[in-house]
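Written below as structure tokens is the structure these notes are about.
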Amino acid sequence: MRARLAEQIQCIRQSDDPLNQYFFEKASIANLPKGQHVCHEGSNCSHLAILLNGTARVYKLGENGKEITLYRVGPGESCILTASCILSHIPFPAFAICETDVEAAVVPASDVRRWLSESSAWQDYIFGLVATRLSNIINVVEDVVFRRMDKRIADHLCNRMDKTGHVLLVTHQEIASELGTSREVVSRILKEFELDGMIKVTRGSIELLNPEKLHQKHSER
């Protein structure tokens with residue numbers, strides 16, 4: 042188990058850092074099913090989870106019921122909002138849900154705080170998370186404020202194509218939840234893309250017929 046954790050979690054590979062011993066003394070393994078909420082808005086954070094397998098999505102839910110994804114957490118990563126809540130003793134300001142079955146190494150909040158003053162490897166890990174996630178969230182804000190929804194949807198489809206191929210198993214509601222808009226807006230824009238020959242929409246899936254044209258759409262100024 043030690044070797045597997047060290048392979049997945051880079052910050053505990055430094056044998057001369059105190060964290061190498063602390064981590065194995067305090068961390069436990071948790072397994073969570075797809076669809077389970079890890080944190081709710083307003084909840085207290087008693088532990089920090091570092092993912093070993095699977096993906097979790099951190100999102101904000103508006104009063105109108107619309108969702109928008111802030112960022113995702115993958116293997117070797119942790120949720121910086123959770124870390125921030127642990128360090129500042131404030132409630133969790135969003136929601137976090139398992140997108141797949143998740144396996145994680147879980148560390149008590151008291152140790153998360155203590156290690157920051159005792160381990161340079163832990164400091165580097167936490168501050169690295171801060172830098173990465175702040176960049177993610179700034180990108181989300183820029184998209185919402187400055188980019189047209191048709192370009193954001195084109196960008197989303199292109200990114201998913203790079204990971205899964207030309208046929209995307211995704212619903213209109215899932216895209217709407219990802220981008221913080223309504224299903225009706227997504228359906229209207231996808232219909233425009235379809236009429237323009239860029240995609241073919243079927244129930245529960247979208248086929249990208251002209252990826253080059255779709256790339257041009259999301260690159261438009």
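Going left to right, the sequence shown walks through residues 42 to 262 as the working numbering numbers them. Backbone N, C-alpha and C fix where the C-beta goes; we use that ideal spot for every residue, glycine too. What you are looking at is a predicted structure, and each value in this text was computed from that prediction instead of being measured.
As a beta-bridge residue in DSSP terms, Pro149 pairs with His88. Annotated as distal: Ser69 and Ala150, with beta-carbon spacing of 9 Å or more.
Judged by beta-carbon spacing, Leu92 lies within the 9 Å limit of Gly115, meaning their Cβ atoms are closer than that value. Close CB contacts of His78 within its chain, under the 6 Å cut and outside five residues either way in sequence, are with Ile138 (chain order). Counted as a single uninterrupted DSSP element, the beta strand (DSSP E) harbouring Ile240 occupies residues Ile240 to Thr243. For the pair of segments examined, the stretch 92-107 was found to touch the stretch 139-148: the number of CB pairs separated by less than 8 Å reaches three. At the C-beta level, Asn177 and Leu111 come within 9 Å of one another. At a Cβ-Cβ threshold of 9 Å, Met190 and Leu220 count as neighbours. For Asn72, the enclosing beta strand (DSSP E) starts and ends at Ser69 to Leu73. Counting along the chain, the unbroken alpha helix (DSSP H) around Lys232 starts and ends at Arg224 to Leu236. Per DSSP, reduced to three states, the secondary structure at Ile50 is coil, with no helix or strand assignment.
For Thr96, there is no enclosing beta strand (DSSP E), since its DSSP letter is neither H nor E.
Our two residues, Val211 and Glu140, have alpha carbons roughly 13 Å apart in a direct line. Fully contained in the stretch 102-143 are the following alpha helix (DSSP H) runs of length 4 or more, in chain order: 121-129. Counted as a single uninterrupted DSSP element, the beta strand (DSSP E) harbouring Val79 occupies residues His78 to Cys80. Judged by DSSP in its simplified three-state form, Val208 adopts strand. Annotation for Ile230: Met190, Asp191 and Ile194 place their beta carbon closer than 7 Å to its own, counting only its chain and skipping 5 residues before and after. With 16 or more other Cβ atoms inside 10 Å of its own Cβ, Ile53 counts as buried. Short of 8 Å from the beta carbon of His81, and not among the five residues preceding or following it, lie these beta carbons of its own chain, in chain order: Phe133 and Phe136. Between the alpha carbons of Trp156 and Pro74 lies a gap of roughly 29 Å.
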